[in-house]
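Participant:
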Amino acid sequence: MENYGDELFKGANSKLFEFSKILRKTQTDAEEIVWQSLRNRKILGFKFRRQHPLDKYIADFYCYEAKLIIEIDGGVHNQNENQEYDKNRSYELEEMGIRVIRFTNELVKGNLDNVLNTIKEHLQNKNLTP
């Protein structure tokens, strides 16, 4: 593995690494669609990792070079308590200098080009505010 020190994982514990392996094996259809578009540096040459442990969280997709997290949200994220959790999670990650952008499963399945164009915009302008 490339040597990034703890900067790559922000102190994530070993249980998160174990759980992230399970999540990679059980990803949703929408996550699979996005992964096929991101993997192997397919977007502007940026490397993405899927189900990547960071601090006390697991990011659906993480680009270390751009400090960018991409989250793909299913219907469960529409519930009030989950929206609050997501908002706090994004805030904490942004405090670490990592931007978080979110897309719904429906948007990924219905308009992948829009999703990929938004990701490209964030990668091209790393100074975009979340």
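Letter 76 of the sequence shown, counting from 1, is numbered 76 in UniProt numbering, and no numbers are missing. Cβ coordinates follow ideal geometry from the N, Cα and C atoms, glycine included.
(1) Consult DSSP for I101 and reduce its assignment to one of helix, strand or coil.
(2) List the residues that DSSP assigns as beta-bridge partners of I72.
(3) Since I58 and S90 are thought to touch, with beta carbons under 8 Å apart, how far apart are those beta carbons, to the nearest angstrom?
(4) Got a sec, what are the start and stop residues for the alpha helix (DSSP H) L16 sits in?
(5) Tell me where the alpha helix (DSSP H) around D29 begins and ends.
(6) Pull up the CB-CB distance for E71 and R102, whole angstroms please, since I reckon it's below 8 Å.
(7) If contacts are defined as beta-carbon pairs under 8 Å, then V115 and V108 qualify, I think. What distance do you get, rounded to the angstrom?
(8) For E31, which residues in the same chain have their Cβ closer than 7 Å to its Cβ, ignoring the five residues on either side in sequence?
(9) Does the beta-carbon distance from F46 to L123 come in below 8 Å?
(10) For W35, which option in R49, I22, G97, L44 has the closest C-alpha, if you only look at C-alpha atoms?
(11) Can you tell me which of L16, S37, R41 puts its alpha carbon nearest to the alpha carbon of A66?
(12) Quick one, which of I98, T118, D29, E92 has its alpha-carbon nearest Y64's?
(13) Between E7 and L112, what straight-line distance do the alpha-carbon atoms span, to the nearest angstrom?
Facilitator: Here's the rundown:
(1) strand
(2) F103
(3) That pair is no contact at about 14 Å.
(4) 14-25
(5) 29-38
(6) 5 Å
(7) 6 Å
(8) D60, I72
(9) yes
(10) R49
(11) R41
(12) I98
(13) 31 Å
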